[in-house]
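*Asks:* Residue numbers (my numbering), protein chains in the order written: chain A, 15 to 264; chain B, 15 to 264.
The beta carbon of each residue, even a glycine, is placed where N, CA and C say it ideally should be.
Here the structure is a predicted model, which is why all the values come from computation and not from measurement.
Before I ask anything, let me first share the structure, which is written out below as C-alpha cells.
Number of protein chains: 2
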Amino acid sequence: MMGLPIYLQIVEDIKEKINSGELKPGDPIYSENTLCKNYNTSRMTVRKGLAILANEGYIYSIPGKGNFVQEPDSSIYTLYYDEMNNLINSVDKTKLLEVNIIMPPYKLIDSLQITKNKKVIMIRRLFYTDEEPVAYDVKYLPYYKGMPIVEKEIRYATFPEMVSKNTSLFAIRKELVISVQMPDEELSKYLNIYNAELPLMVIEQKLYDMDNKPMGLGITYFRGDYCKLYAEASFFKDKAVQENRNMMRQ
Amino acid sequence: MMGLPIYLQIVEDIKEKINSGELKPGDPIYSENTLCKNYNTSRMTVRKGLAILANEGYIYSIPGKGNFVQEPDSSIYTLYYDEMNNLINSVDKTKLLEVNIIMPPYKLIDSLQITKNKKVIMIRRLFYTDEEPVAYDVKYLPYYKGMPIVEKEIRYATFPEMVSKNTSLFAIRKELVISVQMPDEELSKYLNIYNAELPLMVIEQKLYDMDNKPMGLGITYFRGDYCKLYAEASFFKDKAVQENRNMMRQ
DNA sequence: GAGTGGTCTAGACCACGAT
DNA sequence: TCGTGGTCTAGACCACTCT
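As C-alpha cells, then:
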C-alpha cells in the first residue's frame, strides 16, 4: 500500500475511519492544518484529498468551521437503463409500425409544453428478441427542421440518439418514470400476450434541453417476462485508488 | 457572471463549448499550459477546473497526451428508491407479520452465501397507506450477535437501517433488481387484491459489506397502483456553479 | 484575534508520449 | 528532446466563525 500518492493515503485513512465507524456522521475531521502536520505535507495536497472525499459523499465542509462527516443518503442508486438492453434481455430486431407527423392530442400539449398547432413526430415501434415481440414503444418529438423522419435513422435508434441529431448529448436532461400495468387489447395483440396473467413494465422517458424545455416523450411497454432493471449504490468503490492501482500494475 | 472564481470560469467555458457541440467527444482540450496562458492563471487553478470537468464526466485525461472530451454514457441514471416512499405513495403504517430465526431454505444458502447451518433472521411486514395494504415485504439477514430482533427496532426500519445497527452505512454496497409479476394467492390475500388485473412491482434488494459478503436479502412486493419509481440523468446540473451562486446570494 | 476553509501563485520534479 | 499530464511545495490573501 506504499507508493500511493499522499493525497490518496489521506483519502484512504479517513475513509477507513468512517467505514469502521470510528468517525460518525456529523463528526469533525482534523482541520486542514492539522492534517498538513500529521502527514508532513502541504495544504494543497491535503485539500486534494478532502476534495475527493467530499466528491464521493463522505464529507462536507463549512467555511470558517471545518470538515465534517456527511450523513449518507441511502435512497440514491445508480440505475442502468437502455431501451434495447436490460438484465435479462437484449433486443435484436425492431419493427417500425408507424412514423407520422401529427397534431398533438390534448395530453401531449401539456406534457411537451407546446401549442396545439405545433406539429409532433410520432414513432411507434416493436422490439423483438429471437423473433418474439418483447416491447412496444411510442415516442413523440416536437417537430423541428432537420428532425429524423428517415426510416433507417429511426429504426434502431434509442431515444437520446434520436434527439441528439440536433443537440449534444451533454445538453440533455432525462427523466424516467417506472410503473406497472396490465396490457390493454391493443398491446396484448402487439406483444403476443394470450395469457391474461402477464403484466407490463412501463417506462416513460422524458427528455429536456438545457432550458428545461421538453424535447421528447417516450413510453416503452415491456413484457414483464422480458424486463428486469438493475441498480446499485456503494460508497466504497474507491475509484481513485482503483485507478491508481491499475496504473501502477501496468 | 463576473466574480466567479477562475477555475469555475474555465469549467463554464469548456462546458459551453461541449454543450454547444463546438467540442465533440474525442476532441482534445487546450493543454493545461495553454489554458494557463489563456486565463493568465497558474497551473493548479487550471487543473482544479479540469478536475471538476473530469469528475462530472465531461472530459478524461491521458497522461503524456492531453485532456479529451468524454463520450457521454447515456444509459446511466440516478434512481431514488426508499421502501417507504415513492413518487405516488408514502407508507404511513407498518404491520409486523413475523420475526423469526430460521434455518435457511435452499434458495437463501446460495444467494446469501452461507452454510446450511447458519441461522437467518426472517422479517415479514406489511406496509400500509391510509389503512390500505400497499406492499408485502420480506427480509432475510444472516444472524450475528447484536442483530435487531426487538420488535420496535424493526417495525419502521428500512433495510439499510436494519443492517446499519452493526455497520457504518458507508460500508454497505446495495443492489436493486426491479421486476414485475402477478400476485399469487397469498400475496393477493395480504394486499387485498380481489381483482386479478392488478400486477405487482417487485423490488429485490441485496446488501453487501466491504468484502462483498452478502449482509441481507429483501424483497418488497408493491401493489402496482401504489408504486412509481423516478430516475433522472443530466450532465448540466452545474453543481459547483449553483453552489457558488447560492453562496454569493447570501 | 486566532483558527478555519476557499482561492491562488510560481515554481518544482516525475513519468509518459510523440518525434 | 520537448510537450503533456500527475504530484507536490511553501507560501499568500480572503471571508468566515468562534470567543
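1. Alpha carbon to alpha carbon, what distance is there between residue 154/B and residue 24/A?
2. For residue 52/A, would you say it is in contact with chain B, using Cβ-to-Cβ distances shorter than 8 Å as the test?
3. Starting from residue 174/B, follow the alpha helix (DSSP H) in both directions and report where the run begins and ends.
4. Residue 232/A and residue 152/A look like a contact to me (Cβ under 8 Å); what is the Cβ gap, rounded to whole Å?
5. Which whole-angstrom value is the C-beta distance of residue 224/A and residue 213/A, which I expect to be below 8 Å?
6. Can you tell me which of the three DSSP states residue 207/A falls into?
7. So, is the C-beta of residue 106/B closer than 8 Å to a C-beta in chain A?
8. Leaving out five residues on either side along the sequence, give the residues of the same chain with a beta carbon under 8 Å from the beta carbon of residue 229/B.
9. Which two residues bound the contiguous beta strand (DSSP E) that contains residue 151/A?
10. Alpha carbon to alpha carbon, what distance is there between residue 65/A and residue 21/A?
11. Count the other C-beta atoms from every protein chain shown that fall within 10 angstroms of the C-beta of residue 33/B, then say buried if there are 16 or more, exposed otherwise.
12. Residue 47/A lies in the alpha helix (DSSP H); which residues open and close that run?
13. Using a beta-carbon distance below 8 Å, is residue 45/A in contact with chain B?
14. So what does DSSP say about residue 305/A, is it helix, strand or coil?
15. Let me check one thing: in DSSP terms, what residues is residue 80/B bridge-paired to?
16. In three-state DSSP terms, what is residue 202/B?
17. Would residue 81/A be called buried (16 or more neighbouring beta carbons within 10 Å of its own) or exposed?
18. Give the residues from the region 182-208 of chain B that approach chain A closer than 8 Å (Cβ to any Cβ), ordered along the chain.
19. According to the Cβ coordinates, are residue 84/A and residue 63/A closer than 8 Å?
20. For the region 119-130 of chain B against the region 98-106 of chain B, are there 3 or more C-beta pairs whose distance is under 8 Å?
21. Starting from residue 232/A, follow the beta strand (DSSP E) in both directions and report where the run begins and ends.
22. Since residue 174/B meets chain A, which of its residues come closer than 7 Å, beta carbon to beta carbon?
23. Using only the alpha-carbon positions, how far apart do residue 55/A and residue 46/A sit?
24. Please list, in chain order, the chain A residues whose beta carbon lies closer than 8 Å to that of residue 242/B.
25. Out of 75/A, 90/A, 28/A and 39/A, which has the shortest C-alpha to C-alpha gap to residue 53/A?
26. Excluding the five sequence neighbours on either side, which residues of its own chain have a C-beta within less than 8 Å of the C-beta of residue 206/B, listed in chain order?
27. With DSSP as the reference, please indicate the residues paired to residue 112/A in a beta bridge.
28. Interface residues of chain A around residue 94/B at Cβ under 7 Å?
29. Is the beta carbon of residue 243/B less than 8 Å from the beta carbon of residue 246/A?
30. Show which residues of chain B have a CB atom less than 8 Å away from the CB atom of residue 32/A.
31. So, does the CB of residue 249/B fall closer than 8 Å to a CB anywhere in chain A?
32. Identify the contact partners of residue 215/A in chain B, using a Cβ-Cβ distance below 7 Å as the criterion.
33. Between residue 26/B and chain A, is the shortest Cβ-Cβ distance under 8 Å, so that the two count as touching?
34. Give a yes or no on whether the minimum CB-CB distance between residue 81/A and chain B is below 8 Å.
35. From residue 73/A to residue 67/A, what does the alpha carbon distance come to, in whole angstroms?
36. What does the alpha-carbon distance come out to for the pair residue 256/B and residue 44/B?
*Replies:* By the coordinates alone:
1. 36 Å
2. no
3. 173-177
4. 7 Å
5. So it is not a contact: roughly 37 Å between Cβ atoms.
6. coil
7. no
8. 155, 156, 177, 181, 186, 221, 222 and 223
9. 146-156
10. 10 Å
11. buried
12. 46-53
13. no
14. Examination of residue 305/A is not possible in this model, given that chain A is present from 15 through 264 alone.
15. 76/B
16. helix
17. buried
18. 182, 183, 184, 185, 186, 187, 188, 189, 190, 191, 192, 193, 194, 195 and 196
19. no
20. no
21. 228-237
22. 88
23. 10 Å
24. 191, 192 and 193
25. 28/A
26. 146 and 147
27. 138/A
28. 89 and 90
29. no
30. 182 and 184
31. yes
32. 194
33. no
34. no
35. 6 Å
36. The pLDDT assigned to residue 256/B is 42, lower than 50, so where the model puts this residue is not dependable; a value taken from the coordinates is nonetheless given after this. Straight-line Cα distance between these residues: approximately 25 Å.
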